[in-house]
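Here is the structure we will look at, set down as structure tokens.
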Amino acid sequence: MLIQVAVIGLLTGGVYAVMVSGLTLIFGVMKIINIAHAAFMVLSAYLAYWLFSGLGIDPILSMIGIVPLFFFIGKVTQRRVLSPVGDDPGLLVLLTFALAITLEGVLGSISGSTFRTVRTGYTSSIIPVELSSDLTLRLPVVRLTGFVASFVVLGVLWLILNRSGLGRAIRATIQNAEAAQLVGVNIARVRSTTFGIGLASVAIGGALFSLIFSFNGSSHLDWISKMLAIIVLGGLGSLPGALIAALILGVAEAVSAVTMTSYISPIVFYLILFLTLVFRPQGLMGAKVREG
Amino acid sequence: MSRVGTFLKQYWMFVALGFLLVYPLIWRAPYYHVLGFNTLIVATAATGWNILGGYTGYKSLGHSTFFGINAYLVAITANELGWNPLWSAPLLALGVTVVALVLGWIMARAKGSAFVIATIAMLLIFRLLALNVKSVTGGAPGLSQPLAPWSPEYSRMPFYYYMLFWLVIALLVSAYIRRSRFGLGLLAIRDDEGKANMVGVNTTLSKVLAFGVSAYFIALGGGIWSYAQTHIAPIFAFSILNDVDTVLATMLGGLGTLWGPVLGAFILIPGSDYILFNFGASQFHLAVFGVLMVVIILFLPRGILPSLRDRLAARRETSSAFTGASTMEDLSDSQPRGEVPGREAPAP
Chain A
14 MLIQVAVIGL LTGGVYAVMV SGLTLIFGVM KIINIAHAAF MVLSAYLAYW
64 LFSGLGIDPI LSMIGIVPLF FFIGKVTQRR VLSPVGDDPG LLVLLTFALA
114 ITLEGVLGSI SGSTFRTVRT GYTSSIIPVE LSSDLTLRLP VVRLTGFVAS
164 FVVLGVLWLI LNRSGLGRAI RATIQNAEAA QLVGVNIARV RSTTFGIGLA
214 SVAIGGALFS LIFSFNGSSH LDWISKMLAI IVLGGLGSLP GALIAALILG
264 VAEAVSAVTM TSYISPIVFY LILFLTLVFR PQGLMGAKVR EG
Chain B
48 MSRVGTFLKQ YWMFVALGFL LVYPLIWRAP YYHVLGFNTL IVATAATGWN
98 ILGGYTGYKS LGHSTFFGIN AYLVAITANE LGWNPLWSAP LLALGVTVVA
148 LVLGWIMARA KGSAFVIATI AMLLIFRLLA LNVKSVTGGA PGLSQPLAPW
198 SPEYSRMPFY YYMLFWLVIA LLVSAYIRRS RFGLGLLAIR DDEGKANMVG
248 VNTTLSKVLA FGVSAYFIAL GGGIWSYAQT HIAPIFAFSI LNDVDTVLAT
298 MLGGLGTLWG PVLGAFILIP GSDYILFNFG ASQFHLAVFG VLMVVIILFL
348 PRGILPSLRD RLAARRETSS AFTGASTMED LSDSQPRGEV PGREAPAP
């Protein structure tokens, strides 16, 4: 029973990894905590939901349209809204928070407070995996899809970062923005492109999210704190750290939900977030949160 | 300058105070009393928040934690011990300040974005506790407490005057701190924490004290709000929207100025009430609020008062016989936003 729960937690953790990969990448390059990240995820989930309920397009398929759209939104948002503000971290957090409540208000007034989820033909399908004669794991197809998709996304992100010219520019900017600029990296472009990639990845996260969880316009507040706990634990700016932390927290959450009082598990999330920020700002791996 | 102008310039504080004193007598409908009371709560909270967020630059998005804690303390002591909230609110707020000092001392280690996120996490932890420790807080439905003894016909009027009194106290404290050695230390932290430390400011102690003082006035408002509401619930007592009101009011009026938070609250709260009234039941007002916040941060990042002061200074230069005056005015009109201390211009 506990193994079953832990495995489901691990699969969920994989989906968490996609949701947060963009958030940690954006922090790495721009030192911006994008509080609107979860709100953009909920927006993408709504788009997937509307495309599914209106036109019958499967969320996995609808990504083809949503992902480039989010890349574009991200690039424009960074250029027109974030970059003019400068680099006061307090102001930037407020600004992304303002974007988040704007999205919440728009989605809430379009769709009301009813919780939505995408129910496809395979939503309740389960693949049984027989480990031994008395232990059979039952793996839900949607979570398995999410898990596999998340590794595809993380793989692509890894390739972009480590095997392309853009990736080299991004890594240089993460290490030392001024020096990168001196050797001819167009930092402004790197930043807006990174923000675009970050939102594109959360668009994928949102489509997967719409298959697994139910959501309404205000859901983003619960999710952003979860996302922050993951990337802070993983070490802000570190992709491998985020993956490991997402898997750990996915399992911890699933196990604590069945073994403890239900409200303890979210409190554990926030406590991890709070204590890591205060006592080990570098997280499990990765760089310290720079001061503003 | 005309005689009226000179008079206003010298005694505007008393004119404003006089207006606030007669306001509930002129506009007698309960609606105006509620609006005035809410505005005063935010003005007091913003004046307190500004001591931390404006003077030291540490912008907390979780200070309504203290608003919520005191709201509950006041309700619980009124029910269990029969304490009158009018005196228990400022007293219990001192207890909340002690809690804030401890939390502030823990969080003083975090800087920049880490500090902001830690404050949000703090708020969410307390909100979950309020929702779930049902034996103390009554869970999601919340708590009720005895009604105020005066006739409902007076509605919020006594609360209004009580809150006005505390706003004046908050302003006196804020003004005193700004002129004190302690306040100079806080401003030095905002400009450059490392250097402030080097020239002998005990930065940790200063930040923790500022955290505590700002928490006091927010907690105080929570306690009085709790009595005025008579029924409180976690989603309103521990709401990040309370922080948004406070922060937005401060930024709109002028971050780090004495009067900015008050001015901001007197524009923002009636304004958002108007928006709520017109866009009504839907969540659309949240979107309007968000866009407003983006616009303020983008186009008026220093707030109304500092921008106005620059304009006036430039005007004075022009009217003097100084020949370079027009250039001066051009210069100050085109002040880049990046010239605020501690903020650099965006990368090209």
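Protein sequences, first through last, are from chains A and B.
Taken in order, the first sequence gives residues 14 to 305; the numbers are from this note's numbering.
Taken in order, the second sequence gives residues 48 to 395; the numbers are from this note's numbering.
All residues carry an ideal CB built from backbone N, CA and C; glycine is no exception.
Small disclaimer: the values here were computed from a predicted structure and weren't measured.
Mapping DSSP to helix, strand and coil, what is residue 145 (chain A)? Within the first sequence, residue 145 (chain A) is the residue found at index 132, counting from 1. Under the three-state reduction of DSSP, residue 145 (chain A) is assigned to strand.
Three-state class that DSSP yields for residue 68 (chain A) in the structure shown: Position 55 of the first sequence, counted from the first residue, corresponds to residue 68 (chain A). DSSP places residue 68 (chain A) in helix when its eight states are reduced to three.
Could you tell me whether the Cβ of residue 146 (chain B) comes closer than 7 Å to any Cβ of chain A? Here residue 146 (chain B) refers to the residue found at position 99 when the second sequence is read from its first residue. No, residue 146 (chain B) lies away from the interface with chain A (no Cβ there is under 7 Å from its Cβ).
At the level of alpha carbons, what is the spacing between residue 111 (chain A) and residue 144 (chain A)? To locate residue 111 (chain A), count along the first sequence from 1; it is residue 98. To locate residue 144 (chain A), count along the first sequence from 1; it is residue 131. Between residue 111 (chain A) and residue 144 (chain A), the C-alpha separation is close to 49 Å.
Test: residue 394 (chain B) CB closer than 7 Å to a CB of chain A: Position 347 of the second sequence, counted from the start, is the residue given in the question as residue 394 (chain B). With a pLDDT of only 43 at residue 394 (chain B), under 50, the local geometry of the prediction cannot be trusted, and no value is derived from it.
Find the nearest neighbour of residue 290 (chain B) within the set B:203, B:167, B:78 and B:213, judged by alpha-carbon distance. Position 243 of the second sequence, counted from the start, is the residue given in the question as residue 290 (chain B). Measuring from the Cα of residue 290 (chain B), the nearest candidate turns out to be B:167.
At 4 residues or longer, and completely inside the segment 181-220 of chain A: list those alpha helix (DSSP H) runs for me, N to C. Taking only runs of at least 4 residues, the alpha helix (DSSP H) segments lying wholly in the segment 181-220 of chain A are 190-195.
Within chain B, the residues that residue 279 (chain A) reaches when beta carbons sit closer than 7 Å: Here residue 279 (chain A) corresponds to residue number 266 of the first sequence, with the count starting at 1. Within 7 Å Cβ-Cβ: 175.
Does residue 374 (chain B) get closer than 7 Å to chain A when you measure Cβ to Cβ? Counted from its first residue, the second sequence places residue 374 (chain B) at position 327. Here residue 374 (chain B) scores only 41 on pLDDT, less than 50, and its place in the model should not be relied on; the value that follows carries that caveat. It does not: the Cβ of residue 374 (chain B) has no partner Cβ on chain A nearer than 7 Å.
Go ahead and pull the three-state DSSP assignment for residue 75 (chain B). The residue labelled residue 75 (chain B) in the question sits at position 28 within the second sequence. Three-state DSSP puts residue 75 (chain B) in coil, outside helix and strand.
Rounded to whole angstroms, what is the Cα-Cα separation between residue 209 (chain A) and residue 52 (chain A)? As a position in the first sequence, residue 209 (chain A) is number 196, starting the count at 1. As a position in the first sequence, residue 52 (chain A) is number 39, starting the count at 1. C-alpha separation (whole angstroms): 15 Å.
Please report the straight-line C-alpha distance between residue 107 (chain A) and residue 342 (chain B), rounded to a whole angstrom. Along the first sequence, read from residue 1 onward, the residue named residue 107 (chain A) stands at position 94. Along the second sequence, read from residue 1 onward, the residue named residue 342 (chain B) stands at position 295. Approximately 12 Å, taken between the alpha carbons.
Does the separation of the CB atoms of residue 82 (chain B) and residue 211 (chain B) fall below 7 Å? Translated into positions along the second sequence, residue 82 (chain B) becomes position 35. Translated into positions along the second sequence, residue 211 (chain B) becomes position 164. Their beta carbons are not under 7 Å apart, which means residue 82 (chain B) does not touch residue 211 (chain B) by this criterion.
Around the Cβ of residue 187 (chain A), are there at least 16 other Cβ atoms within 10 angstroms (buried) or fewer (exposed)? For the purposes of this step, residue 187 (chain A) is taken as residue 174 along the first sequence, with counting starting at 1. Under this definition residue 187 (chain A) is a buried residue.
With a Cβ-Cβ cutoff of 7 Å, do residue 258 (chain B) and residue 99 (chain B) count as a contact? Taking the second sequence and counting its residues from 1, the one referred to as residue 258 (chain B) is at position 211. Taking the second sequence and counting its residues from 1, the one referred to as residue 99 (chain B) is at position 52. In this structure, residue 99 (chain B) lies closer than 7 Å to residue 258 (chain B) by Cβ.
Determine the contact status of residue 85 (chain B) and residue 316 (chain B), defining contact as a CB-CB distance below 7 Å. Position 38 of the second sequence, counted from the start, is the residue given in the question as residue 85 (chain B). Position 269 of the second sequence, counted from the start, is the residue given in the question as residue 316 (chain B). Against a cut-off of 7 Å, the Cβ pair of residue 316 (chain B) and residue 85 (chain B) comes out as a contact.
Would you list, in sequence order, the uninterrupted alpha helix (DSSP H) runs of no fewer than 4 residues that lie entirely inside the segment 34-94 of chain A? 50-68 and 72-90
So, does the CB of residue 198 (chain A) fall closer than 7 Å to a CB anywhere in chain B? Indexing the first sequence from 1 puts residue 198 (chain A) at position 185. It does not: the Cβ of residue 198 (chain A) has no partner Cβ on chain B nearer than 7 Å.
In angstroms with no decimal places, state the Cα-to-Cα distance between residue 101 (chain A) and residue 150 (chain A). Indexing the first sequence from 1 puts residue 101 (chain A) at position 88. Indexing the first sequence from 1 puts residue 150 (chain A) at position 137. Take the alpha-carbon of residue 101 (chain A) and the one of residue 150 (chain A): they are about 49 Å apart.
Any chance the segment 295-312 of chain B sits against the segment 335-349 of chain B, with 3 or more Cβ pairs inside 8 Å? yes
Leaving out the 5 sequence neighbours to the left and right, which residues in its chain are closer than 7 Å to residue 285 (chain A) when beta-carbon positions are compared? To locate residue 285 (chain A), count along the first sequence from 1; it is residue 272. The answer, listed in chain order, is 242 and 246.
According to DSSP, is residue 150 (chain A) helix, strand or coil? Along the first sequence, one-based indexing puts residue 150 (chain A) at 137. Residue state, collapsed to three classes: strand.
At a CB distance below 9 Å, what residues from the segment 110-122 of chain A approach chain B? Give them in sequence order. 110, 111, 112, 113, 114, 115, 116, 117, 118, 119, 120, 121 and 122
Could you check how far apart the C-beta atoms of residue 147 (chain B) and residue 157 (chain B) are, in whole angstroms? I think they sit under 8 Å. Here residue 147 (chain B) corresponds to residue number 100 of the second sequence, with the count starting at 1. Here residue 157 (chain B) corresponds to residue number 110 of the second sequence, with the count starting at 1. At roughly 15 Å, the Cβ-Cβ gap does not stay under 8 Å, so residue 147 (chain B) and residue 157 (chain B) are not in contact.
Within the 7 Å Cβ cut-off, does residue 290 (chain A) reach chain B? Mapped onto the first sequence, residue 290 (chain A) falls at position 277. Chain B, which has a Cβ nearer than 7 Å to the Cβ of residue 290 (chain A), makes this yes.
Under a Cβ-count criterion, where at least 16 other Cβ atoms within 10 Å of its own Cβ denotes burial, should residue 76 (chain B) be classed as buried or exposed? Taking the first residue of the second sequence as 1, we reach residue 76 (chain B) at position 29. Residue 76 (chain B) counts as exposed, since fewer than 16 other beta carbons sit within 10 angstroms of its beta carbon.
Look up residue 129 (chain A) in the DSSP assignment and give the residues it is bridged to. Counted from its first residue, the first sequence places residue 129 (chain A) at position 116. A:228.
Cβ-Cβ distance between residue 115 (chain B) and residue 284 (chain B) below 7 Å: As a working note, residue 115 (chain B) is residue 68 in the second sequence. As a working note, residue 284 (chain B) is residue 237 in the second sequence. It is a contact, given that the beta carbons lie within the stated cut-off.
With distances taken from CA atoms, which of B:131, B:112 and B:335 is nearest residue 175 (chain B)? In the second sequence, counting from the first residue as 1, residue 175 (chain B) sits at position 128. Here the closest residue by C-alpha is B:112.
Any idea what DSSP makes of residue 191 (chain B), helix, strand or coil? Here residue 191 (chain B) corresponds to residue number 144 of the second sequence, with the count starting at 1. Three-state result, residue 191 (chain B): strand.
Kindly list, in the order they appear in chain B, the residues whose Cβ is closer than 8 Å to that of residue 238 (chain A). Counting from 1 along the first sequence, the entry for residue 238 (chain A) is found at position 225. In chain order: 167, 168 and 171.
Inter-stretch contact (C-beta, 8 Å, three-pair minimum) for the segment 149-163 of chain B and the segment 124-131 of chain B: No, the segment 149-163 of chain B does not touch the segment 124-131 of chain B.
Please list, in chain order, the residues of the segment 329-341 of chain B that have any C-beta partner in chain A closer than 9 Å. 329, 330, 331, 332, 333, 334, 335, 336, 337, 338, 339, 340 and 341
For residue 243 (chain B), which residues of its own chain have a beta-carbon under 6 Å away from its beta-carbon, when the five flanking residues on both sides are left out? Against the second sequence, residue 243 (chain B) aligns to sequence position 196. So the qualifying residues of the chain are 235, 236 and 250.
Taking all protein chains shown into account, decide if residue 378 (chain B) is buried (16 or more other Cβ within 10 angstroms of its Cβ) or exposed. On the second sequence, residue 378 (chain B) is found 331 positions in, with the first residue counted as 1. With a pLDDT of 40 at residue 378 (chain B), under the threshold of 50, the modelled position of that residue is not reliable, and the figure given next carries that caveat. Flag for residue 378 (chain B) reads exposed.
Per-residue DSSP class, three states only, for residue 233 (chain A): As a working note, residue 233 (chain A) is residue 220 in the first sequence. The answer is helix: DSSP assigns residue 233 (chain A) an H, G or I state.
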